Amino acid sequence: MLKNVIALVIAVAIGAVGYSWWMKKDAEESPLNVMVTQMRTRAIVEHERHVTVWYKACPETKGVNPQVMVVWPAKLNYELDLAETKLSLGADGVLRATTPPIRADDPSVPSEVGEYLAQTSFWTLETEQAIVMREMQKATPLARHLTAYFLRNDVGLSAHFKEELETYLRGMLGALRVPVTRIEIEIPTVEVKIPPRPDLSLCEGSVALANGLAFARRQADGMIIGVYPKAAAALPVPGL
Numbered sequence: 004m005l006k007n008v009i010a011l012v013i014a015v016a017i018g019a020v021g022y023s024w025w026m027k028k029d030a031e032e033s034p035l036n037v038m039v040t041q042m043r044t045r046a047i048v049e050h051e052r053h054v055t056v057w058y059k060a061c062p063e064t065k066g067v068n069p070q071v072m073v074v075w076p077a078k079l080n081y082e083l084d085l086a087e088t089k090l091s092l093g094a095d096g097v098l099r100a101t102t103p104p105i106r107a108d109d110p111s112v113p114s115e116v117g118e119y120l121a122q123t124s125f126w127t128l129e130t131e132q133a134i135v136m137r138e139m140q141k142a143t144p145l146a147r148h149l150t151a152y153f154l155r156n157d158v159g160l161s162a163h164f165k166e167e168l169e170t171y172l173r174g175m176l177g178a179l180r181v182p183v184t185r186i187e188i189e190i191p192t193v194e195v196k197i198p199p200r201p202d203l204s205l206c207e208g209s210v211a212l213a214n215g216l217a218f219a220r221r222q223a224d225g226m227i228i229g230v231y232p233k234a235a236a237a238l239p240v241p242g243l
C-alpha cells in the first residue's frame with residue numbers, strides 16, 4: 004500500500020513538472036503561433052507591376068504596307084502565399100521566415116485600350132482600326148509572356164516582397180512585444196516556364212518596348228527575336 008502511495012506521489016510530481024514545462028514551452032511559442040495564425044488569415048501578399056508596351060507595327064496588307072504605332076498598358080500581377088510561410092525564432096533573437104516561391108497571377112490588360120498613330124497614308128481593304136485591334140488581340144498572351152519573364156529575371160520582385168513581408172512581421176512583433184535582433188527572409192527561386200511570345204508585326208529594324216526596356220526586335224530577314232538584357236535587372240518603373 005505504501006509503495007503504491009509513493010508511486011502515486013512520484014507520478015503526480017512528474018506530471019506536475021511535465022505540465023509546468025509544457026505550459027512554459029507553450030507560452031514561449033505562443034507569439035509565433037499567433038503570428039502564423041495571422042499570416043494564414045491574411046493569406047497572400049500581392050504586388051502589381053504597371054507597364055506600358057509600345058511598338059511600331061507593319062502588317063502585310065494589299066497595297067502599301069502601313070506603319071501603325073500600337074500602345075497599351077498592363078498590370079503584371081504577382082503573389083506570395085503567407086499561409087505556407089514557416090517561422091522560427093532562434094536563441095540568437097533572429098526571426099527566420101521561409102516562404103513558398105513567388106507565383107505569377109494572370110495579368111490585367113484593358114480590353115478597349117489601344118492608342119495608335121498611322122504614319123503612312125495607304126489604301127487597303129483593312130482599316131487602321133482593324134489593324135490595331137488585330138495587334139491588341141496579342142496583348143493578353145504578350146502580357147503573360149512578360150509576367151513570366153520578369154518573374155524569372157527581375158531581382159526587384161523578390162526584394163519588394165521581402166521588404167513588405169519584413170514590415171508586416173515587424174508590425175506583429177511590436178504588437179506582441181517580441182524582441183528580435185533581425186529578420187531573415189528566404190524566398191526560394193524555382194524554374195519559371197515562360198509562355199511563348201506572340202508573333203508581333205514589327206517593322207523592319209524596330210523594337211518592342213515595355214517601360215522603355217526592349218524585349219523584341221525584327222531583323223532584316225523578317226525574324227522576330229528576343230532582345231532581353233542578359234543580366235538580371237529590376238523592371239523600370241514609370242516616372243522614376
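Heads up, the sequence shown is in our numbering, so the first residue is 4 and it goes up one at a time.
Idealized CB from N, CA, C, for every residue including glycine.
Everything numeric in this text was worked out from a predicted model, so none of it was measured.
- The distance from the Cβ of residue 228 to that of residue 219 is about 7 Å, consistent with a contact at the 8 Å cut-off.
- Looking only at 164, 147 and 169, the smallest Cα-Cα distance to residue 213 is reached by 147.
- For a cut-off of 8 Å, the C-beta gap from residue 87 to residue 76 is around 32 Å, too long to register as a contact.
- Shortest Cα-Cα distance from residue 184 to any of 191, 200 and 172 involves 172.
- The beta-carbon distance between residue 221 and residue 208, rounded to whole angstroms, is 7 Å. This is short enough to meet the 8 Å contact definition.
- With at least 16 other beta carbons inside 10 angstroms of its own, residue 42 counts as buried.
- Between the C-alpha atoms of residue 161 and residue 55 there is a straight-line separation of about 21 Å.
- Between residue 138 and residue 46, the C-beta spacing is not below 8 Å.
- Spatial neighbours of residue 142 in its own chain (CB-CB distance under 6 Å, excluding positions within 5 residues in sequence) are listed in chain order as 75 and 112.
- By the neighbour-count definition (other C-beta atoms within 10 Å, threshold 16), residue 145 is a buried residue.
- When secondary structure is reduced to three states using DSSP, residue 229 falls in the strand class.
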